[in-house]
Amino acid sequence: MPSPVRVRLAPSPTGPIHAGTLHTGLFNWLYARSLGGTFVLRLEDTDQERSRPEWEEVIYQEMRWLGLDWDEGPDIGGNYGPYRQMERLDTYRDSARRLLEAGHAYYCYCTPEELEAERQEAQKKGVVYQYSRKCRNLTAEDRRRREDEGRKPVIRFRVPDGEKVVFDDLIRGLIETPTDSIGDFIIVRSNGIPIYNFAVVIDDVTMKITHVIRGEGHISNTPQQLLIYQALGLEPPRLGHIGHILGKDRAKLSKRNGDAYVGDYRERGYLPEALLNFMALLGWTPEDGQEFLTKEEMIRQFKLDRVTRAPSVFDPDKLDWMNGNYIRNLSLDELARRSLPFLQKQGLMTDALQPADWDRMVKIMATVQERIRTLAEVPGMTEFFFRDELTIDPDAAKLLTEQSRAWLGQVRDRLAVVEVFDAVQTEAACRAFVEENGLKAKAVFQPIRVAVTGRTVSPPLFESMALLGREKTLRRLDSVR
Ligand code: GLU
0 MPSPVRVRLA PSPTGPIHAG TLHTGLFNWL YARSLGGTFV LRLEDTDQER
50 SRPEWEEVIY QEMRWLGLDW DEGPDIGGNY GPYRQMERLD TYRDSARRLL
100 EAGHAYYCYC TPEELEAERQ EAQKKGVVYQ YSRKCRNLTA EDRRRREDEG
150 RKPVIRFRVP DGEKVVFDDL IRGLIETPTD SIGDFIIVRS NGIPIYNFAV
200 VIDDVTMKIT HVIRGEGHIS NTPQQLLIYQ ALGLEPPRLG HIGHILGKDR
250 AKLSKRNGDA YVGDYRERGY LPEALLNFMA LLGWTPEDGQ EFLTKEEMIR
300 QFKLDRVTRA PSVFDPDKLD WMNGNYIRNL SLDELARRSL PFLQKQGLMT
350 DALQPADWDR MVKIMATVQE RIRTLAEVPG MTEFFFRDEL TIDPDAAKLL
400 TEQSRAWLGQ VRDRLAVVEV FDAVQTEAAC RAFVEENGLK AKAVFQPIRV
450 AVTGRTVSPP LFESMALLGR EKTLRRLDSV R
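Numbering (numbering that gives the first Met the number 0), first residue to last: 0 to 480.
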């Protein structure tokens, strides 16, 4: 028997996936996978101005890149579709009709101006605004008059007085909200398109979602949603709200303090497995406190009761550190494969790779693997291997003084005659020069590095020279003399 657990991620196709959605998606996915349940992807595309099919594609791509696979979704279908809200308007309409008929909802004809006036009035009095309920008890005649004026109604939910909405949050325990603090809220706009709080309930029920795991920002929406379940006589799923992710400044994560889209992380050279590992540890700790976990290990260890309600801090340095660790654990071949797009983007590699190019590429990877934290660092660090003409960094060029250029000339002559141009012999030749002349190694090696790599920081010098080959190395030393 498949597990009855059904969870979902419900992003809006109005932009790429950012860290918060990735985090929620990951926790839902882990929950489903850890229990053999079903992970549903569905799209909240009711914002017609901003929803775009292109964004839908981006969401799929990003999820695929992360390796978060879904069992049902707009692109693959499933037994509970459709999975785009705009294709589900009939379902919402039916439920709205049931609420209207049972008196749990009513048509409201108030104009934006009237509502604005109410809002201002509340502000003047210094009270929290709630809809005045002006349209709660309109007669058929009242309604007809307004419709004759050409007014198009919204549908509002009739919130009961003097009750409490209580739910047992999976992560936070009991949460209680007096209904008196909730105004009669809109569930369907005048154009027939449902509001999030209503659509999400209908979606979760019809898709048989058993657990809703989402960000704590949605706690304030939950009472409205629970009132709708109650009015429709439906059992709500279990709900759990994970803590916010904060930036290092302890403010909610935003673009300003480090939030980024999944695609940005990819472009900045993070590995999907490192990003997932890092994200999983924001608000969750595995029982054994292990820090590096493969996806399989995360699935094996994931337990909702080890997810904290406390906010967690997104530390970009930790992500870099973790990513660097993951990079060091890749095989050189794999590192080359993953670095290729970064090199191609900088025009350092073409599509037409020959086996020899690949061999060289793998060797180049060996010189940087220990030194990089992101794949995006690869082109800058290895550019000198790929370019014929070297551009020397202006700051680094300062090391090429008259004195050091004279040394470089002599070093060049020694390198010209080493028997085998490998790291051992090139190093021996350079050291011999340093020692015989009573110089400091660094004083000589740094200018060599600048001449050969164009930078003061580079992969190991002698390995780099060996890989570059005698001819190119000598040419570079010649060109700075
Ligand atoms: N589209 C909503 C969001 O991404 C879904 C909220 C929910 O999970 O209920 O925040």
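Ideal placement from N, C-alpha and C gives every residue a C-beta, glycine not left out.
Between the alpha carbons of residue i and residue j, how many angstroms are there, rounded?
{"i": "Ala405", "j": "Ala273", "result": "47 Å"}
{"i": "Thr381", "j": "Leu270", "result": "19 Å"}
{"i": "Leu173", "j": "Leu226", "result": "16 Å"}
{"i": "Leu252", "j": "Leu281", "result": "12 Å"}
{"i": "Asp477", "j": "Gln409", "result": "10 Å"}
{"i": "Thr452", "j": "Phe383", "result": "5 Å"}
{"i": "Gly66", "j": "Gly216", "result": "26 Å"}
{"i": "Trp357", "j": "Leu331", "result": "11 Å"}
{"i": "Val312", "j": "Arg267", "result": "20 Å"}
{"i": "Leu414", "j": "Arg430", "result": "11 Å"}
{"i": "Leu399", "j": "Asn436", "result": "18 Å"}
{"i": "Val153", "j": "Asp203", "result": "23 Å"}
{"i": "Lys397", "j": "Ile391", "result": "10 Å"}
{"i": "Leu467", "j": "Met360", "result": "11 Å"}
{"i": "Lys123", "j": "Asn220", "result": "26 Å"}
{"i": "Asp68", "j": "Ala198", "result": "24 Å"}
{"i": "Ala440", "j": "Ala428", "result": "12 Å"}
{"i": "Arg496", "j": "Gly232", "result": "Beyond the ends of the chain as shown, which are 0 and 480, falls residue 496; an answer cannot be given."}
{"i": "Leu339", "j": "Ala375", "result": "10 Å"}
{"i": "Leu245", "j": "Lys317", "result": "14 Å"}
{"i": "Tyr108", "j": "Lys302", "result": "48 Å"}
{"i": "Val479", "j": "Arg337", "result": "34 Å"}
{"i": "Asn324", "j": "Ile241", "result": "27 Å"}
{"i": "His243", "j": "His22", "result": "10 Å"}
{"i": "Arg448", "j": "Gln84", "result": "59 Å"}
{"i": "Ala450", "j": "Arg411", "result": "11 Å"}
{"i": "Lys254", "j": "Val443", "result": "45 Å"}
{"i": "Asp304", "j": "Ile75", "result": "31 Å"}
{"i": "Ser94", "j": "Ile186", "result": "11 Å"}
Look up residue i in the DSSP assignment and say whether it is helix, strand or coil.
{"i": "Tyr269", "result": "coil"}
{"i": "Tyr106", "result": "strand"}
{"i": "His22", "result": "helix"}
{"i": "Lys317", "result": "helix"}
{"i": "Trp69", "result": "coil"}
{"i": "Ser50", "result": "coil"}
{"i": "Glu418", "result": "coil"}
{"i": "Val367", "result": "helix"}
{"i": "Val158", "result": "coil"}
{"i": "Leu398", "result": "coil"}
{"i": "Val423", "result": "helix"}
{"i": "Phe291", "result": "coil"}
{"i": "Leu281", "result": "coil"}
Would you say residue i and residue j are within 8 Å of each other, going by their C-beta atoms?
{"i": "Asp183", "j": "Arg157", "result": "yes"}
{"i": "Tyr30", "j": "Ile201", "result": "no"}
{"i": "Gly239", "j": "Asp168", "result": "yes"}
{"i": "Met364", "j": "Leu342", "result": "no"}
{"i": "Tyr105", "j": "Leu114", "result": "no"}
{"i": "Gln223", "j": "Ile181", "result": "yes"}
{"i": "Val306", "j": "Phe38", "result": "no"}
{"i": "Thr45", "j": "Ile192", "result": "yes"}
{"i": "Arg49", "j": "Thr20", "result": "no"}
{"i": "Tyr260", "j": "Pro15", "result": "yes"}
Sorted by chain position, which residues of the same chain lie with C-beta nearer than 8 Å to residue i's C-beta, five sequence neighbours on each side aside?
{"i": "Thr209", "result": "Pro3, Val4, Arg5, Val6, Gly36, Pro236 and Arg237"}
{"i": "Pro81", "result": "Pro73 and Arg87"}
{"i": "Val423", "result": "Phe461"}
{"i": "Asp319", "result": "Arg372 and Thr373"}
{"i": "Gln345", "result": "Pro378 and Glu382"}
{"i": "Met297", "result": "Leu29, Leu275, Asn276, Ala279 and Pro285"}
Within the present structure, is the beta-carbon of residue i separated from the nearest heavy atom of the ligand GLU by less than 7 Å?
{"i": "Pro10", "result": "yes"}
{"i": "Glu43", "result": "yes"}
{"i": "Thr349", "result": "no"}
{"i": "His217", "result": "yes"}
{"i": "Thr37", "result": "no"}
{"i": "Arg87", "result": "no"}
{"i": "Arg213", "result": "yes"}
{"i": "Thr20", "result": "yes"}
{"i": "Val199", "result": "yes"}
Using C-beta distances below 7 Å, list every residue in its chain close to residue i, excluding the 5 sequence neighbours before and after it, in chain order.
{"i": "Tyr79", "result": "Glu71, Thr205, Met206 and Lys207"}
{"i": "Asp314", "result": "Lys247"}
{"i": "His103", "result": "Phe156, Arg157 and Ala230"}
{"i": "Arg265", "result": "Trp64"}
{"i": "Leu389", "result": "Phe383, Gly453 and Arg475"}
{"i": "Ala355", "result": "none"}
By Cβ distance below 6 Å, which residues in the same chain neighbour residue i in space, the five residues on each side in sequence not counted?
{"i": "Arg469", "result": "Phe420"}
{"i": "Ala9", "result": "Arg41 and Glu43"}
What do you reckon, is the C-beta of residue i under 7 Å from a heavy atom of the ligand PLP?
{"i": "Val433", "result": "The model depicted lacks the ligand PLP and carries the ligand GLU instead."}
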